[in-house]
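The structure under discussion appears below in the form of structure tokens.
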Amino acid sequence: MTTTQQTPPAEDERDEEKNPEQSWRGVFEDEGDRELSRATTIRLKEDSRKLLGELLRPYHKMIWLLVVIVVVENAARLAVPYLVHLGIDNGIPPILAGEGATTLITVVIGVFAMALLQAFARQVFLMRSGRLGQTILLGLRRRVFDHFQRLSPSFHDKYTSGRVISRMTSDVGVIDEMLANGFDGLVTALLTLIGTSILLLTLDLKLGLLALLSFPVLLLITAWFRRRSAVVYRRTRETVVLVIVHFVESMTGIRAVQAFRREPRNEEIFHGVNDKYREANLESFRLNAIFMPSIKGVGNITIVAILFYGGYQAYHGHVTVGVLTAFLLYLRQFFEPLQDISQFYNTFLSASAALEKLSGVLNEKPDVAEPEEPAEPAKKARGHLELRNVQFRYVDGVPVLPGLDLDVPAGQTLALVGTTGAGKTTIAKLVARFYDPTGGQLLLDGIDLRQLTEDDLRERVVMVTQENFLFTGTVADNIRFGKPDATLEEVVEAAKVIGAHDFITRLPEGYETQVEKRGSRLSAGQRQLVAFARAFLADPAVLILDEATSSLDIPSERLIQRALRTILADRTAIVIAHRLSTVETADRVIVLEHGRIIEDGAPQTLVTTGGNYADLHQAWEDSLA
1 MTTTQQTPPA
11 EDERDEEKNP
21 EQSWRGVFED
31 EGDRELSRAT
41 TIRLKEDSRK
51 LLGELLRPYH
61 KMIWLLVVIV
71 VVENAARLAV
81 PYLVHLGIDN
91 GIPPILAGEG
101 ATTLITVVIG
111 VFAMALLQAF
121 ARQVFLMRSG
131 RLGQTILLGL
141 RRRVFDHFQR
151 LSPSFHDKYT
161 SGRVISRMTS
171 DVGVIDEMLA
181 NGFDGLVTAL
191 LTLIGTSILL
201 LTLDLKLGLL
211 ALLSFPVLLL
221 ITAWFRRRSA
231 VVYRRTRETV
241 VLVIVHFVES
251 MTGIRAVQAF
261 RREPRNEEIF
271 HGVNDKYREA
281 NLESFRLNAI
291 FMPSIKGVGN
301 ITIVAILFYG
311 GYQAYHGHVT
321 VGVLTAFLLY
331 LRQFFEPLQD
341 ISQFYNTFLS
351 ASAALEKLSG
361 VLNEKPDVAE
371 PEEPAEPAKK
381 ARGHLELRNV
391 QFRYVDGVPV
401 LPGLDLDVPA
411 GQTLALVGTT
421 GAGKTTIAKL
431 VARFYDPTGG
441 QLLLDGIDLR
451 QLTEDDLRER
461 VVMVTQENFL
471 FTGTVADNIR
481 FGKPDATLEE
491 VVEAAKVIGA
501 HDFITRLPEG
511 YETQVEKRGS
521 RLSAGQRQLV
531 AFARAFLADP
541 AVLILDEATS
551 SLDIPSERLI
561 QRALRTILAD
571 RTAIVIAHRL
581 STVETADRVI
591 VLEHGRIIED
601 GAPQTLVTTG
611 GNYADLHQAW
621 EDSLA
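Structure (structure tokens):
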């Protein structure tokens, strides 16, 4: 009998079995989403501590001032039970003996003064700490946003929009909670623990030692809670990210969801991750339900023991009533900080997980780095492009460009033609410097693109894609996108040249019409015209059109063709299009296959000589018949 050896499932298939709610999406797993090795865990903790230090270091003087304020506040609070002891033991006996109430009045004034000092210190602390916390968060949000914008397209290809939103909202929010409540509670708790321990031993050594016998038990309970809660709070942070990711992606792709009737499946997936989030939160509640009562239980048992032993000592005259009263008041203050410390630890665990994720993002380096010693290009670029033995492969992929040589003279319109995967869009992305070649050189006017600053490059090279993304705002704002300081007259002139002026003036508020989300108030053709007007106003030396007309119907495409002739004039252009009507406007066509040039010439020349382009052209003409 023959046995059939089963091929083990691929790693991604095993991942789908473990995480079916992620099996149909491109959900990039960051290091918080899987079981971590010890080395990775240590590195993440170090990164999070480093980031926290970077956030706090510029404000160290203000932080020390806040610590002093907290010390003053807690000193005032700790003084009150001791004053009560003095009032009972030293203030009441003179009254009973008819010697006056001077001592008691002094003590009462002291208690009142401590209450005022405590309230004043609390007010000053809240005002200054609140301002400090929001200033730190402002800087963090700016830093994360700026960094996200500068990361390379390869990062955004794998990092879903839901996770980006989670970093900016959920994770920053947890850090806000730690800054607002955590450090204050921690410092207060530590000062209270140290202060009350000293005062308990000072008031009565035997009673103090009896009270501190509970401390080892409390430490054991707290250590157990720390170990368990570390896992639980990490899981909580991970699951809330999944909830955000699935919600954002489902809403972003709602048209596709409804078109393919994915609502039931999406609801099933969302309910699954939502249930995981609930279970993670319930586990944290269960831990707190054990921990908090345990601390209180130990505290109450200790108080009963002190009452029993202290009462016995007071009965025999070894301890005064005032000392016993102050002792009990201090005991109440002694056990509360342990709960505060645990609460801070909970907040700190969540914040640490958030800091790990944020530091992971901030440690990402752009694939395209700014040059250390940038070249100084001519003020007016000509647009001469050269690709010298350019090689490129995506991460862990096969070579897309094995070694491409191409010279594009200034002012030439070059069309790239080829099947899917031939390397057309890769060339466009390399010219736009979304990626750097893995080998060879790509030069603009004789300067390697890697030697140009980001500002110099974006001023000279502009890319228009088929998405035609319009931002929420007015039509004028979207045209002005490539030149923010452009006047309204310049915006209108660009629209007129492109042929967009007529439809814009027919809009309800003309150039001030709100385009709404993703330009939904405009048709596909109108959005494309706005994108062309935007590119024309930017006036680049090199213009890249990547499938810029692929999503248009025939009437809209004819309208766009007129705009294309205008926008391509007097500049170097690289045009990628499946529709040969767009290619017909080019001065030169190259046909690509597996990253190599197999045909090169003027469109009409390639049609007459036969070959791949001639076949494509004939198929296009047949489709129009």
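With UniProt numbering, letter number 604 in the sequence shown gets 604, and the count goes up by one each step, no holes.
Each residue gets a CB set at the ideal place from its N, CA and C atoms; glycine is no exception.
Check whether residue i and residue j have beta carbons under 7 Å apart
i, j, result
"L218", "A211", "no"
"R433", "V492", "no"
"T425", "A586", "no"
"S214", "T135", "no"
"P81", "Y330", "yes"
"residue 656", "A563", "A question about residue 656 goes unanswered here, because the residues of the chain that appear run from 1 up to 625."
"V361", "L442", "no"
"T239", "A280", "yes"
"G195", "D340", "no"
"residue 692", "L592", "The chain is shown only over 1 to 625; residue 692 falls outside these bounds and no answer can be derived."
"L83", "V107", "yes"
"G310", "L207", "yes"
"G482", "A410", "no"
"V461", "P371", "no"
"S166", "S359", "no"
"L179", "G130", "no"
"L349", "A230", "yes"
"E621", "I576", "no"
"L355", "L56", "no"
"H617", "L580", "yes"
"A314", "L324", "yes"
"F225", "F291", "yes"
"V515", "L507", "no"
"A76", "L137", "no"
"N612", "V530", "no"
Reference residue i; option with closest CA among the options
i, options, result
"V232", "D184, K365, R286 and R255", "R286"
"E386", "E373, P437, L362 and E336", "P437"
"K496", "F532, R521 and G473", "F532"
"T566", "L442, I498 and P484", "I498"
"R388", "I427, V417 and Y394", "I427"
"L191", "D407, V70 and P540", "V70"
"L151", "V164, P399 and F112", "V164"
"Q451", "A375, A541 and F270", "A375"
"T474", "R518, Y59 and L207", "R518"
"S294", "F308, F260 and F335", "F335"
"K365", "Q258, P409, V248 and F148", "F148"
"G139", "L449, I269, V107 and D176", "D176"
"L66", "R43, G611 and N181", "N181"
"L470", "P409, K429, D445 and A535", "A535"
"T119", "N74, D171 and G411", "Note on identity: in this sequence residue 119 is Ala, with Thr being the wrong assignment. For the residues N74, D171 and G411, the minimum Cα distance to A119 belongs to N74."
"T236", "F155, E621, D275 and F270", "D275"
"S197", "E509, F145, R265 and L328", "L328"
"G317", "N300, L220, D204 and R228", "D204"
"S342", "T202, I221, F270 and S523", "I221"
"E509", "A476, P337 and G403", "A476"
"residue 642", "Y345, D445, L606 and L401", "Since the first and last residues shown for the chain are 1 and 625, residue 642 lies out of range."
"D157", "Y394, D445 and L507", "Y394"
"T103", "H85, V530 and N288", "H85"
"R596", "L404, A378, Q561 and R265", "L404"
"R382", "G423, R571 and V241", "R571"
"L193", "K296, E54, L338 and G100", "L338"
"K45", "G91, Q258, A351 and T202", "A351"
Bridge-paired residues (DSSP) for residue i
i, result
"F392", "L401"
"V589", "A415 and G601"
"I295", "Paired residues: none, contrary to the question."
"T572", "V542"
"R596", "E593"
"L219", "Answer by DSSP bridge pairing: none, since L219 is not bridged."
"D407", "E386"
Any C-beta of chain D under 7 Å from that of residue i
i, result
"H156", "No chain D is present in this structure, which holds just one protein chain."
With a cut-off of 8 Å, do at least 3 Cβ pairs link the region 600-615 to the region 448-455?
-> No, the region 600-615 is not in contact with the region 448-455.
Which full runs of the beta strand (DSSP E) of 3+ residues lie inside the region 414-492, going along the chain?
-> 439-444 and 461-465
May I ask you to verify whether the region 60-70 touches the region 112-126, counting CB pairs closer than 8 Å and requiring at least 3?
-> yes
Can you check the region 52-102 for any alpha helix (DSSP H) of at least 4 residues that lies completely inside it and give the ranges in chain order?
-> 60-86 and 92-96
Those runs of the alpha helix (DSSP H) which lie wholly inside the region 252-321 and span at least 4 residues = 254-259 and 263-315
Where in the region 121-185 do unbroken runs of the alpha helix (DSSP H), each at least 4 residues long, occur, reported from the N-terminal end onward?
-> 153-158, 161-166 and 172-177
At 4 residues or longer, and completely inside the region 498-540: list those alpha helix (DSSP H) runs for me, N to C.
-> 501-505 and 524-538
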